[in-house]
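Enquirer:
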Amino acid sequence: MWRRTYLILLLIRVYFALSPSYLHPDENFQGPEVFAEQVYSYPAHLTWEFTSSQPIRSIFPLWLAYGLPMTFLKWFWSEAGTGSTPPYLIYYVLRGTMFGLSFVLEDWAIHELIASPHNRRQAVVLVASSYVTWTYQTHTFSNSLETLLVAWSLVVIQRILDNRQRSSVVACSILAFTTVAGVFNRITFPAFIALPALQLVPHLLKKPFAFVSLVLSGAFFSFIAVYADTGFYNNARISLRNVFQKPVITPLNNLLYNSDKSNLASHGLHPHYQHFLINAPQLLGPVFLLLVASIFSRSSRSHFSLYNMRAVSALAGALLLSVFPHQEPRFLMPCIPLLLSCFRLPKSRFFLISWIIFNSIMGILMGVYHQGGVIPTQLQIPTVLSRLYTGIDKVPIAGETANVFWWKTYSPPLWLLGDSTKITIKTHDLMGIPGPDMLEKLDKSVMNCADGSVNKQGSINPTILVAPNSATFLDQYIHYSDSKEPNGGNNLTLQLNRLWKYDKHLNLDDMDFGDDGIQTTLHRVLSRRGLNVWLVTRTCD
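Quick note, the sequence shown lines up with residues -17 to -1, 1 to 524 if you use mature numbering (1 follows the signal peptide of the UniProt record, and there is no 0).
(1) Measure the Cβ-Cβ separation of V519 and L413 and say whether it is below 8 Å.
(2) Which of helix, strand or coil does DSSP assign to P69?
(3) If we call anything under 8 Å between Cβ atoms a contact, is F124 one with R313?
(4) Which residues in the same chain have their Cβ closer than 8 Å to the Cβ of T116, if we skip the five residues on either side of it in sequence?
(5) Are the beta-carbon atoms belonging to W398 and A27 less than 8 Å from one another?
(6) Give me whichever residues DSSP pairs with H353 in a beta bridge.
(7) Between the region 331 to 343 and the region 290 to 298, do at least 3 Cβ pairs fall closer than 8 Å?
(8) In its own chain, which residues sit with a C-beta less than 8 Å from the C-beta of L304, not counting the 5 before and 5 after it?
(9) In terms of alpha-carbon separation, which member of L187, H488 and I461 lies closest to R481?
(10) Under the three-state reduction of DSSP, which class applies to K484: helix, strand or coil?
(11) Taking the Cβ atom as the reference point for each residue, do F12 and G50 lie within a distance shorter than 8 Å?
(12) Please list, in chain order, all residues of the same chain as V516 whose beta carbon is under 8 Å from its beta carbon, the five residues on each side excluded.
(13) May I have a chain-ordered list of the alpha helix (DSSP H) segments no shorter than 4 residues that lie completely inside the region 123 to 189?
(14) If you reduce the DSSP assignment to three classes, tell me which class A454 lands in.
(15) Helix, strand or coil: how does DSSP classify Q37 here?
(16) Taking only three categories from DSSP, how would you classify T446?
(17) Just checking my contact of G355 with H488 at CB under 8 Å: how many whole Å lie between their CB atoms?
(18) Bridge partners for T520 per DSSP, in chain order?
(19) Look at the Cβ atom of L187, then the Cβ atom of A193, and state whether they are nearer than 8 Å.
(20) Around the Cβ of A202, are there at least 16 other Cβ atoms within 10 angstroms (buried) or fewer (exposed)?
(21) How many Å lie between S428 and N386 at the Cα?
(22) With a threshold of 7 Å on Cβ separation, who are the neighbours of P44 within its own chain once the five nearest residues in sequence on each side are excluded?
(23) Taking all protein chains shown into account, decide if I416 is buried (16 or more other Cβ within 10 angstroms of its Cβ) or exposed.
(24) Run the CB neighbour count on N218, radius 10 Å, all protein chains shown included, and call it buried at 16 or more, exposed below.
(25) Would you kindly check if the distance between the Cβ of L274 and the Cβ of L322 is under 8 Å?
(26) Buried or exposed for F55, going by 16 or more other Cβ atoms inside 10 Å?
Rendered as structure tokens:
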């Protein structure tokens, strides 16, 4: 029975892994965007983490996760295909890679960490049925990589402790690699393994070869990471002299940056209880109640124990992360499989139903609809422009530019545009600026009536607006095909002509509860799902 259940959950994980929801800009701009430029020379926007004089993101773990699959795909496509590798193929290969890592490494780690076959099966199914596993873990987050590295560090620690009579030289070398990769991936990594790793101190004191293996391997992998980062950020031919004279140590830069509260303020400050009272319930759902009960009720301690290495790792990590005032739910991702594997679930139909309902709702919301139109729309933009030019019987001329404005969406990944279009596409990320300010930018982009033949619907440097269907501010500017007057009779200069729409899109960041009320806002956002691509033109007498 459990195998059948696990297979069904595996298929669900595949579905969400290949669904183009967009949980946070970091899943693109802190990984794929960087290597799409390096490997394919596709357009890219490098964020401040990579362009600062003191860069805080290491290339070492990111290249293993994203650069390596991209490089292999480029080689394979050059052997089997023609032209450049399509961006959509790269995107889905990376999602497939994250699914494979989750399926193999995460589930395998749960098998390794739990000795009892019965508890192991239950834990694997529970982790596999979590929407966090379906969505967050299959996206290209550094947090997803951190989850795997934490889990396998605990596996290696447990293997060393289970074989105390042996030096475990190889295991110590593997632990050194996961630790170095974890630290260079995210500086929060030590918070999760510091306490479990203390159990190794007696073993390392008794087995000097194990200690030497751990130190030398750690030094070797650290050198490789610093070497890679120094070469990448210096944009010069790397040499040992450069590494020793001007090393780029990204974890140190990251630690110094995040130690300054004024820096964190630019990303948003949260109360210190945010992780425990808001983020954890959002990720764990009904299991969060079991966690609370295990702390305050003696009868429930059989489900969860502070003597459990997985529980200690998760709680210690969450406590240390709570010290920093910038707290997002995905920061707790390494805790989720560890905590879920600690519980023997109650035999309650109510709990089972509540768990299924919670993960179904959150899975569909976060895995399908959350900013779900950004990726498909960005992939479609070159095709939309091509059809636009075909419709007006015009071939783009050299130097012609299409200005694409994105409003009230997450930042679109530029690399998804690829290099398949002859026209230059200039992307403008307007984020959530007020409507009048957005119109002012559109007005400056659209040709004036005296400057050219603008009545031919964007025949010269077209202006495109991408905005959610829930943005009612735009309704007054929409031009309907059955209307004989511009803008349905409104006396407005600009008009919008819809070129394309993606239906599975929700903009949860556009909740104006204070102005519109809860019911009106929810009705607007939920009933008007979708992301529209508009051609912006000017009406001329």
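A virtual CB, placed ideally from N, CA and C, is assigned to each residue, including glycine. Please read all numbers here as calculations on a predicted model, not as lab measurements.
Expert: The short version:
(1) no
(2) coil
(3) yes
(4) R(-5), S85, E89, V110, I319 and P320
(5) yes
(6) L489
(7) no
(8) T171, A174, H258, Q310, F314 and L315
(9) I461
(10) strand
(11) no
(12) T360, Q363, I364, V367, I447, L448, V449, R481, L482, W483 and K484
(13) 125 to 145, 152 to 168, 172 to 180 and 184 to 189
(14) coil
(15) coil
(16) strand
(17) 5 Å
(18) Q478
(19) yes
(20) exposed
(21) 7 Å
(22) L128, A164, F167 and N168
(23) exposed
(24) exposed
(25) yes
(26) exposed
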